[in-house]
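Peer 1: Dropping the structure in here first, questions after.
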Amino acid sequence: MKWATYLSPATGDRRTGLVVDDQILGLEAGVSLLDLLGDDGTALAAAGDRATNGPREVVGVDDVELCAPIPQPPSIRDSASFEAHLRAGFAGLGVPFDFDNWYERPMVYFTNPHCLTGSGAAIPAAAGSQRLDYELEVVAVVGREGTNVSVDEAEDLIVGYCVFNDWSARDIQGHEVKFQVGPFKTKDWAMTTGPFLVTKDEIEPLRKNNAFDLEMKAFVNGRQYSQGNLSDMYWSFAELVAYSSRGTWVKPGDHIASGTVGTGCIIELSATKDPDEYPWLTVGDEVTLEVEGLGRIVNRLVEPPPVRKIRGTV
C-alpha cells in the first residue's frame, strides 16, 4: 500500500488517503496516518479496505497539496550509513573521520521533527547560510513500539519507507562539526519526506545486500546531480532501529533515515568533481529527489528568515 497525507480540496483540512495509481482514496476526516500505526498492521489494513470500498472523497494526486506522510513524527533520527558519502563529505569539510569506529557501530543522531515538510512545499533557506545543500536519503518509519529489540525483531517494527531530503547548511556545519557533538543549525531548518508512505511489502521483492535495489537520483533545476543505489547501505535499517532501541524505546511514527547515498549531495560532488559544475543551492532553485518504488519529492528554496543575532557575529 501507498499512503498520503494531503489537504482536502473540499474542506482544507488535513486528510489521510490510500494512493491507487494517480488517485487518492480519502478516509473519513480526523484520522491521521499515525493513528493507524501501533499494532501488527491490522488497523492500516482495515483502513485500506475502507478507503477502497467506500472512500469519503477521491482526488487526483496532482490536484492536492501533499503534506509529509506523518507531519510531526514523535522523533526523527538520521544516520550515516553510506561509506562513499562519508569519505567524500568529510573530505569536503576538511575534517578527518574515524572509519574504524564507524565500522564498529552505527552513526545516528536526533534531528528536528518540527521542520518537516511535504513535497511541493516552499523551503525557506537557512538563515545566515551561503552554502545550501540537499541530501538524497530514504527514511524508515516505525510502525510498532519496541525496546532493546534484536535486529530480526526490529525488521518487524518497520511499517514502510519514504523519500527523505535532509537539507543542510554546509558553512554552518563547518563550524558545528568542530564541537564533535553532532549537527544543530546545520540541519534543523528543513527536512522533506514523502511523497507517500510506502509499506515495506511493496519493495520487499527488491531486497539486496543490507537494503533494497532501488535507484536514487537527485536533480537541481532539472539537471541530474546525483545517482546511487539504496543497496549500498553498510548498516541496514533493521540494525539502525535495533541500535536506536537499545536502552530506550522506538515509538510508532518514529523516523530513522539512511543517511546520504554516495554522490547524494553537493558537498560530495564539489569535493570529487569540478566544484564550478555543482554550485551551492540558492533561493529559487528547485530540487527533485527520486527513489525507485518510493516516488519523487520536489521543493523550491525561497527567501530565508532574517538573522536575529544573539551575540557578536552569530
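Number 314 marks the last residue of the sequence shown (full-length UniProt numbering); no jumps. Idealized CB from N, CA, C, for every residue including glycine. In this text, all values refer to a predicted model and were calculated from it rather than measured experimentally.
#1: Have a look at PRO74 and ALA80 and give me their C-alpha separation to the nearest angstrom.
#2: Would you call LYS2 buried or exposed, if buried means 16 or more other Cβ atoms sit within 10 Å of its Cβ?
#3: Which same chain residues end up closer than 7 Å to GLU28 when comparing Cβ atoms and leaving out the 5 residues on each side of it in sequence?
#4: Which residue from CYS162, SER129, LEU214 puts its Cα closest to that of THR186?
#5: Roughly how many whole angstroms lie between the Cα atoms of VAL141 and VAL59?
#6: Is the distance from the Cβ of VAL307 to the Cβ of ALA125 below 7 Å?
#7: For a cutoff of 7 Å on Cβ pairs, would you count ASP166 as touching chain D?
#8: Can you round the beta-carbon distance between GLU92 and ALA271 to whole angstroms, since I take them to be within the 8 Å contact cut?
#9: Using the Cβ count rule (16 or more neighbours within 10 Å means buried), how would you classify ARG105?
#10: Three Cβ pairs or more, each shorter than 8 Å: is that satisfied between the region 166 to 181 and the region 144 to 152?
#11: Where does GLN224 land, buried or exposed, given buried means 16+ other C-beta within 10 angstroms?
#12: Measuring only the C-alpha atoms, how far is ASP276 from GLY222?
#13: Distance check for ASN112 and PRO305, CA to CA, integer angstroms please.
#14: Which runs of the beta strand (DSSP E) at least 3 residues long sit entirely within the region 175 to 244? Give them in chain order.
#15: Give, in chain order, every unbroken run of the alpha helix (DSSP H) that is at least 4 residues long and sits entirely within the region 15 to 56.
#16: Tell me which residues share the same chain as LEU214 and place their Cβ nearer than 8 Å to its Cβ, disregarding the 5 neighbours each side in the sequence.
#17: For ALA271, does the three-state DSSP call read helix, strand or coil?
#18: Does the count of Cβ pairs from the region 61 to 68 and the region 3 to 10 closer than 8 Å reach three?
#19: Where GLY247 and VAL61 are concerned, what is the direct C-alpha to C-alpha distance, given to the nearest angstrom?
#20: Identify whether ASN148 lies in helix, strand or coil by the three-state DSSP scheme.
#21: Going by the CB atoms, is the gap between ILE24 and GLY17 shorter than 7 Å?
#22: Leaving out the 5 sequence neighbours to the left and right, which residues in its chain are closer than 7 Å to PHE184 when beta-carbon positions are compared?
#23: Extract the residue ranges of the alpha helix (DSSP H) inside the region 42 to 129, only unbroken runs of 4 or more that lie entirely within it.
#24: Tell me the rounded alpha-carbon separation between LYS251 and PHE164.
#25: In whole angstroms, give me the CA-to-CA distance for PHE196 and GLU153.
#26: For GLU239, count neighbouring Cβ atoms within 10 angstroms of its own Cβ and tell me buried if that reaches 16, exposed if not.
#27: Are the CB atoms of ASP78 and ASP171 within a distance shorter than 7 Å?
#28: Could you give the DSSP three-state label for ALA154: helix, strand or coil?
#29: I think VAL198 touches GLY174, with their Cβ atoms under 8 Å apart; what is that distance to the nearest whole Å?
#30: Report the start-end ranges of each alpha helix (DSSP H) in the region 257 to 303 that is 4 residues or longer and not cut off at the edges.
Peer 2: Judging by the given coordinates:
#1: 21 Å
#2: buried
#3: ARG56
#4: SER129
#5: 25 Å
#6: no
#7: Within the model displayed, chain D is absent; a lone protein chain is all it includes.
#8: Checking the sequence shown, residue 92 turns out to be Gly, not Glu. So it is a contact: roughly 4 Å between Cβ atoms.
#9: exposed
#10: no
#11: exposed
#12: 17 Å
#13: 18 Å
#14: 191 to 199, 215 to 220, 223 to 229
#15: 42 to 53
#16: VAL138, ILE203, LEU206, ASN229, LEU230, SER231, VAL291, GLU292, GLY293, LEU294
#17: helix
#18: yes
#19: 41 Å
#20: coil
#21: yes
#22: GLU176
#23: 42 to 53, 83 to 93, 99 to 104
#24: 19 Å
#25: 24 Å
#26: buried
#27: no
#28: helix
#29: In fact, because the Cβ distance is near 35 Å, the residues do not count as touching under 8 Å.
#30: 266 to 272
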